[in-house]
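Letter by letter, the sequence shown follows residues 241 to 343 of this note's numbering.
Note that beta-carbon positions come from the ideal geometry of N, C-alpha and C, so glycine has one too.
What follows is a set of notes on a single structure, which appears directly below.
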Amino acid sequence: MSEWVHVGQTSDIDEEDLIRFDHEDGRTFAVYNTEKGFFATDGFCTHEAQHLEDGLVIGTVIECPLHQGRFDVTNGRALSAPACVDLKTYPVKLEGDEIYIEI
Ligand code: FES
Numbered sequence: 241m242s243e244w245v246h247v248g249q250t251s252d253i254d255e256e257d258l259i260r261f262d263h264e265d266g267r268t269f270a271v272y273n274t275e276k277g278f279f280a281t282d283g284f285c286t287h288e289a290q291h292l293e294d295g296l297v298i299g300t301v302i303e304c305p306l307h308q309g310r311f312d313v314t315n316g317r318a319l320s321a322p323a324c325v326d327l328k329t330y331p332v333k334l335e336g337d338e339i340y341i342e343i
């Protein structure tokens, strides 16, 4: 069953940046502030177990800090090698300045 989880406030994430959110159940996520709004994905790159938190956000693309694989954060699609498996994405909603993701 899914649940909406509070991950922070809009002011916590600079434009074209992301934050890491660690759930108490052990799962970890990345939450992005992009030119098209806020998005959420799994925290770890699908290529190797590298967290995306130190990656580079370019428009709506996240570039992995380890081997520079790229993903579209709006749909999780892997865009460039060596990343070839899509990232899982999660719905995001805003209530005022509060950000929630559905996991
Ligand atoms: S770990 Fe992300 S591209 Fe290799």
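So is A289 buried or exposed if we call it buried at 16+ other beta carbons inside 10 Å?
exposed
Am I right that N273 and E293 are in contact with their C-beta atoms under 8 Å? What's the rounded C-beta distance?
Incorrect: roughly 13 Å between the Cβ atoms, too far for contact.
Return yes when at least one heavy atom of the ligand FES lies under 8 Å from the C-beta of L357, else no.
With the chain covering 241 to 343 only, the question about residue 357 has no answer from this structure.
Assign G294 to one of three DSSP states: helix, strand, or coil.
Just to set this straight, residue 294 is Asp in the shown sequence, not Gly. Here D294 sits in helix by DSSP.
Identify whether S320 lies in helix, strand or coil by the three-state DSSP scheme.
strand
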